[in-house]
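Visitor:
Numbering (my numbering), first residue to last: 45 to 210.
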């Protein structure tokens, strides 16, 4: 797509922008927050009959004391979407922010070990490590000195290799 600077982005476009921001806040923060509050209120009954049938899809892979971890995962996804959308004109900053975000959530996953089964914990760790490597290799494509044919080939090979292992 090409930018058309003759189109004025005021009037109705500001209304659309406001609606988009409202929905971003309501859905982006409202659903995870509401989900956490519902789980928190029933945290002692979550693993019993009716409530497990109702909320089991949110809590079944996690340890009992980490019932809220799906909301943490939703927060991670929300932050990454925010970075991808609102830092679009700053590719290097977008890569750095994405890498830092994924690293913070990787460290939280390692420290709190929310998964009930070791295999699930390892899969989550490897997927977050893969994302960190992919984002770091994306920096090669942003750097003029590293962005040679050889540099791009090595970065692409590393990205494909790490993602294939996961």
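Ideal placement from N, C-alpha and C gives every residue a C-beta, glycine not left out.
#1: Give every residue of the same chain whose Cβ lies closer than 8 Å to the Cβ of residue 125, excluding the five residues on either side of it in the sequence, and list them in chain order.
#2: Pick helix, strand or coil for residue 112, following the three-state DSSP scheme.
#3: Looking at C-beta atoms only, is the number of pairs between the stretch 108-127 and the stretch 148-159 that lie closer than 8 Å three or more?
#4: Verify whether the separation of the beta carbon atoms of residue 146 and residue 179 is less than 9 Å.
#5: State the DSSP-derived secondary structure class of residue 94, mapped to helix, strand or coil.
#6: Got a sec? Which residues, its chain only, sit under 8 Å from residue 118 by beta carbon, not counting five neighbours each side?
#7: Near residue 96, what residues of its chain come up, given a Cβ to Cβ distance below 7 Å and the 5 sequence neighbours on each side ignored?
#8: Could you have a look at residue 106 and say whether DSSP puts it in helix, strand or coil?
#9: So, at 8 Å on beta carbons, what are the nonlocal neighbours of residue 170 in its own chain, with the 5 sequence-adjacent residues on each side left out?
#10: Please return the same chain residues whose Cβ sits closer than 8 Å to the Cβ of residue 202, not counting the five positions on each side in sequence.
#11: Hey, how far is the Cα of residue 196 from the Cα of residue 56?
Guide: This is what the structure gives:
#1: On the chain shown, residue 125 is found 81 positions in, with the first residue counted as 1. Around residue 125: 72.
#2: As a first step, residue 112 must be located in the chain shown, where it is residue number 68. Note: residue 112 maps to coil in three-state DSSP.
#3: yes
#4: Stepping through the chain shown from its first residue, residue 146 is reached at position 102. Stepping through the chain shown from its first residue, residue 179 is reached at position 135. Going by C-beta atoms, residue 146 is nearer than 9 Å to residue 179.
#5: Position 50 of the chain shown, counted from the start, is the residue given in the question as residue 94. Three-state DSSP puts residue 94 in a helix.
#6: Here residue 118 refers to the residue found at position 74 of the chain shown. Excluding residues within five positions, the ones whose Cβ falls inside 8 Å are 75, 76 and 79.
#7: Start at 1 with the first residue of the chain shown, and residue 96 comes out as number 52. 90.
#8: Walking along the chain shown from the start, residue 106 turns up at place 62. Three-state result, residue 106: strand.
#9: In the chain shown, the residue the question calls residue 170 occupies position 126. Counting only Cβ-Cβ distances below 8 Å, and skipping sequence neighbours, we find 209 and 210.
#10: Numbered from 1 along the chain shown, position 158 holds the residue referred to as residue 202. Cβ within range, chain order: 177 and 181.
#11: The residue labelled residue 196 in the question sits at position 152 within the chain shown. The residue labelled residue 56 in the question sits at position 12 within the chain shown. Using only the alpha carbons, I get a separation of about 43 Å.
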